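Here is the structure we will look at.
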Amino acid sequence: MNKAKRSLIVLVVLALAALFLLPSIRWYFFTPKDEKILATGSSEQIREYAWRMARNDLAELEKAARAPGDEPLPAGIEWMADRAKKLYKELGKAAPSSWTAKSVLAAYDSRKTAMSDIEDHYRTRILKIKNLQNTVVQLGLDLSGGMSVVIRADLPALEAKLGHSLSLSEREEAMSRALEVLNNRIDKFGLTEPVIRRQGEDGIYVEIPGAADPERINSIIMGRGRLAFHIVDDEATARLDDYLTTNPAGIGADLKVADPSIVPAGYVVRKFYKKDKYGLDEWTGRYLVITEQPGLDGNTIQRAERTNDPITGEPNIIFVLDNEGGEIFYALTSANVGKTLAVVLDDRIKAGARISEAIRESVRMTGFSVEESANLALILRSAALPVELVVESQQAIGASLGEDSIEEGKRAVLIGLLAVMAFMLVYYKGAGINAALAQVVNLYLMLSILSGFNLTLTLPAIAGFVLTVGMSVDANVIIFERIKEELLAGKGRRAAVEAGFGKAFWAVMDGNITTIIAALFLAQLGSGPIQGFAVSLAIGNLSSLFTALFVSRLLFDFGTDRGLKGVSISWRIK
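Numbering-wise (this note's numbering), the sequence shown opens with residue 7 and increments by one.
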């Protein structure tokens with residue numbers, strides 16, 4: 007391979023590495039700390055932030071618009087001028103020569119529209135940062151601090167409950183539903199976004215970054231969402247609507263109505279919820295009067311899925327009950343044909359459907375949008391946890407301990423890098439500069455691969471990097487020693503470099519390939535810290551192989567093209 011092709015390959019690799027590394031640089035060095043905290047928070051926290059900022063900004067805008075004269079836009083919301091331009095254009099109105107608080111506010115047809123627009127601005131901005139965070143080098147709990155929990159699904163207990171051994175598909179279904187339940191509860195409790203993944207046949211691994219309360223985490227993991235079906239009293243609901251129209255404060259936070267005659271005995275009031283644009287439960291403003299005791303418990307659901315009607319194409323929800331549940335549901339629907347059936351999860355009404363006929367085990371629900379039907383099918387599948395979860399182990403790591411580990415890791419890499427550079431410069435003279443530059447490029451490539459593939463950096467991974475820093479000069483040592491032999495045999499610079507790299511090629515390849523194979527086996531067979539160490543070791547060997555065979559060779563070629571005759575590579579060779 008000639009120097010031009012080698013230069014092109016090196017430039018392309020370095021450019022790709024820069025693209026891979028750019029998101030991590032933007033996240034860790036140019037994103038403000040408060041925005042990082044928001045981006046790593048839950049959807050509940052992002053929604054609260056967007057609401058708060060929208061209320062504050064709109065209040066400032068309205069205050070400036072009410073002031074005499076033409077007040078300019080308050081500081082921080084100058085972006086609204088661009089949005090107002092689009093709105094004026096959509097309405098076919100002539101845009102003003104200068105944007106003031108009055109002219110911007112006039113672009114909106116209502117206060118609600120302005121509020122929604124400002125909220126969308128902040129939501130979009132934070133979600134963009136959140137997406138950026140998903141493409142950077144992730145820090146493991148041992149570096150960022152937080153809590154890890156290993157959970158085991160008690161499949162034998164489920165077998166005992168069902169009275170038969172679980173098939174492979176039943177085991178997979180039970181684990182999938184358990185994972186859905188845990189994921190579904192995260193935003194409800196406002197936790198920092200965790201990592202939840204399957205581990206082995208019956209294990210679930212949960213990582214929760216930041217400060218975490220073990221008791222609260224256990225209540226989330228071990229709690230059981232209660233799904234049930236209730237009958238709606240449509241007449242009492244209509245009376246309640248009429249009453250609240252004239253008495254808005256007639257119902258308390260505990261959902262008790264001031265006039266007890268409105269809600270019959272044996273019935274309660276519950277709020278009706280829909281998913282908002284954040285994917286969170288949002289009260290629709292409606293109240294429904296439902297039976298206090300559920301007509302059917304959700305634990306009787308065996309499976310649920312969303313389908314499309316073969317004739318109309320409209321989305322349907324089909325769920326199947328066990329034999330006992332089918333008999334109860336048949337009796338319930340037979341006695342309440344024409345009434346509304348409410349799906350209630352943890353005292354929140356999620357959906358309602360009109361009972362058109364008596365139904366047994368197989369239930370079909372219609373009248374929902376595609377998104378609503380998908381959400382309801384998920385609720386029916388996952389709300390009633392089919393298998394008990396047992397906490398196997400918990401580990402909490404303080405954020406300060408993680409920061410100390412990062413500093414110690416950086417110090418170890420830096421000391422190792424400087425020590426290796428010093429040795430190469432002293433022992434190999436000018437060629438040591440070549441090796442030192444290759445080491446810097448090697449470290450740069452390792453970090454870019456971590457960032458590009460969104461890998462997690464842990465303390466064992468840093469140990470793998472430190473080991474790689476020491477091992478990566480092995481290839482340079484082998485190549486340099488071969489070049490020395492060629493120089494001692496009387497060859498010139500160009501011929502010695504060519505022969506040195508050619509004869510050392512297979513020795514370098516063999517040494518690195520065997521290490522990479524060992525690292526791959528460790529990554530496949532190991533878990534946790536061992537896996538992190540193995541991955542970083544494999545990445546380090548791959549990048550060091552590239553820098554030794556391409557970057558080092560290119561640096562020698564540049565020296566030869568500049569007219570250098572000899573090679574400064576040994577104290578014994580002049």
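The beta-carbon is built from N, C-alpha and C at its ideal position, and this holds for glycine as well.
None of these values were measured; they are calculated from a predicted model.
Under 8 angstroms between C-beta atoms of ILE412 and LEU149: yes
Own chain residues within Cβ distance below 6 angstroms of GLU492, not counting five before or after: ALA502, ALA505, GLY506
Exposed unless 16 or more other CB atoms sit within 10 angstroms - verdict on PHE471: buried
Bridge-paired residues (DSSP) for GLU612: In the structure as shown, the chain starts at 7 and stops at 580, and residue 612 therefore has no counterpart that could be examined.
Cβ shell of ASP567 (< 8 angstroms), same chain only, five flanking positions each side left out: LYS9
Where SER171 falls: helix, strand or coil (DSSP): coil
Spatial distance of GLY332 from VAL343 (CA atoms): 16 angstroms
Bridge partner(s) assigned by DSSP for VAL263: ILE257
Paired residues, beta bridge with VAL212 - DSSP: VAL155, ILE202
CA-to-CA distance, LEU424 to LEU133, given in whole angstroms: 40 angstroms
Sub-8 angstroms separation of ALA525 and ASN482 beta-carbons: no
Complete alpha helix (DSSP H) runs within the region 390–455 (minimum length 4 residues, chain order): 405–434
Proximity of THR462 and GLY538 at Cβ, strictly below 8 angstroms: yes
Nearest neighbour of ALA81, chosen from GLU66, ARG72, LEU294 [CA to CA]: GLU66
Exposure of PRO74, with buried meaning 16 or more beta-carbon neighbours within 10 Å: exposed
Supposed close pair VAL447, THR553 - CB separation, criterion 8 angstroms: 5 angstroms
Start-to-end residues for the alpha helix (DSSP H) that takes in SER48: Element bounds for SER48: n/a, residue is neither H nor E.
Cα-Cα separation, ASP265 to GLY256: 7 angstroms
Opening and closing residue of the beta strand (DSSP E) in which VAL274 lies: 273–281
Segment contact flag, the region 318–328 with the region 353–373, C-beta cutoff 8 angstroms, min 3 pairs: yes
Rounded straight-line distance, which links the Cα of GLU378 to that of LEU351: 15 angstroms
Inter-residue Cα distance where the pair is ASP208 and LEU286: 29 angstroms
Nearest-angstrom beta carbon gap, ILE296 and ALA357 [assumed within contact, 8 angstroms]: Not a contact, Cβ separation roughly 12 angstroms.
Extent of the continuous alpha helix (DSSP H) run through LEU548: 535–552
Validate contact between the region 304–319 and the region 268–282 using beta carbons, cut 8 angstroms, 3 pairs: no
Assigned exposure category for HIS170 - 16 Cβ within 10 Å defines buried: exposed
Start and end residues, alpha helix (DSSP H) containing TRP5: Residue 5 lies beyond the range of the chain shown here (7 to 580); nothing can be said about it.
Nearest-angstrom beta carbon gap, ARG499 and LYS571 [assumed within contact, 8 angstroms]: 6 angstroms
Residue from ASP563, ARG203, ILE485 whose Cα sits closest to the Cα of ALA510: ILE485
Burial state of TRP105 (16 or more Cβ within 10 Å): buried
VAL295 (DSSP reduced to helix, strand or coil): strand
Inter-residue spacing [alpha-carbon to alpha-carbon] between ALA70 and TYR55: 23 angstroms
Span separating the alpha-carbon of LEU386 from that of ASP303: 11 angstroms
Proximal residues to SER375 (C-beta, below 8 angstroms), its chain only, five neighbours per side dropped: PRO321
Nonlocal neighbours in the same chain, by C-beta distance under 6 angstroms from THR306, ignoring five residues either side: LEU327, ASP328, GLY331
7 angstroms Cβ shell around ALA540 - same chain, five flanking residues per side excluded: ALA525, LEU528, ALA529, GLY532
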